[in-house]
Amino acid sequence: MTRLEQLFEGQLPRLVMFDLDGTLMDSVPDLAAAVDKMLVQLGREPAGVAQVRNWVGNGSRVLVRRALAGQLEHECVDDGQADEALVLFMQAYAGGHELTTVYPGVTECLDWLRERDVKLAIITNKPAQFIEPLLEEKGLSGYFQWLVGGDTLPQQKPDPAALLWVMGRAGVSAQQSLFVGDSRNDVRAAKAAVVPCVALSYGYNHGEPIASEQPALVLDDLRELVASDSGLR
């Protein structure tokens with residue numbers, strides 16, 4: 032029996048929803064490049080990959096505000112200045128994603144789930160315009176029936192609205208669904224939707240261990256979710 036089946040009392044869920052950045056892909060190098068280009072255009076010093084890795088997870092607008100503030104807390108940033116910077120960031124990030132990579136084990140896990148007719152969805156705080164092109168570029172298009180971005184609905188994670196929206200479209204209950212993510216926003220959104228959450232240890236959680244959010248399961252590799260005692264089957 033796989034660890035996924037153990038979570039669902041020997042059965043498989045009917046729906047698995049995934050976060051994108053930090054869960055399926057390491058997108059920080061490209062995000063950092065866009066942030067640094069934006070900052071340089073504004074006459075500021077670049078932030079670098081290490082800082083940006085701790086700032087991502089709450090959507091582009093918050094990322095830009097954190098970059099302007101130089102820290103996680105960004106209440107001091109002027110809204111007009113943030114709007115100007117966001118335009119520059121979006122232009123820079125749209126320029127390419129050659130530095131973004133798919134994490135090991137992701138394709139194997141998605142193949143396993145698709146072969147068993149489990150419905151799949153993406154729920155991310157990344158702007159919706161970037162999702163499908165990024166999936167296409169990285170060879171992950173065609174797996175997911177629903178793509179929800181940070182601007183698809185009025186609410187973003189940790190609000191559970193996107194999870195509830197997808198479950199409604201899929202006609203699947205919370206008890207038959209799973210959310211897979213890497214940050215506290217993912218775990219909190221899943222808990223608010225009363226959906227079990229599996230968290231990846233390698234993602235972006237503002238420098239804090241994801242286990243502290245108490246998801247149902249913490250994994251180092253998505254293959255661990257669907258591997259039987261004899262490996263993938």
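One rule links them: number in the working numbering = place in the sequence shown (from 1) + 31.
Beta carbons: idealized from backbone N, C-alpha and C, even for Gly.
Check, Outcome
"Secondary structure, alpha helix (DSSP H): runs of 4+ residues fully inside the stretch 142–218", "159–168, 192–201"
"Residue of 193, 243, 151, 39 minimising C-alpha distance to residue 1", "A question about residue 1 goes unanswered here, because the residues of the chain that appear run from 32 up to 264."
"Local conformation of residue 107 per DSSP, three classes", "coil"
"Endpoints, the beta strand (DSSP E) within which residue 225 is located", "Where residue 225 is concerned, there is no enclosing beta strand (DSSP E), given that its DSSP letter is neither H nor E."
"Cβ neighbours of residue 237 in the same chain (closer than 6 angstroms, five flanking residues each side left out)", "85"
"Residue 96, buried or exposed, once every other Cβ within 10 Å from all chains shown has been counted against 16", "buried"
"Neighbourhood of residue 172 by C-beta, 8 angstroms cutoff - its chain only, sequence neighbours within 5 removed", "163, 166"
"Supposed close pair residue 223, residue 210 - CB separation, criterion 8 angstroms", "That belief does not hold up - the Cβ atoms of residue 223 and residue 210 are roughly 11 angstroms apart, past 8 angstroms."
"Terminal residues of the alpha helix (DSSP H) in which residue 99 lies", "91–100"
"Between the CA atoms of residue 104 and residue 68 - distance to the nearest angstrom", "21 angstroms"
"Status (buried if at least 16 other CB within 10 Å, exposed otherwise) for residue 187", "buried"
"Residue 47 - containing beta strand (DSSP E), residue span", "46–49"
"Neighbour-count burial assignment, residue 264, 16 or more Cβ in a 10 Å radius", "Confidence at residue 264 is low in this model, with a pLDDT of 42, below 50, so its placement is unreliable and the value that follows should be read with caution. Counting Cβ neighbours within 10 Å, residue 264 comes out exposed, since fewer than 16 surround it."
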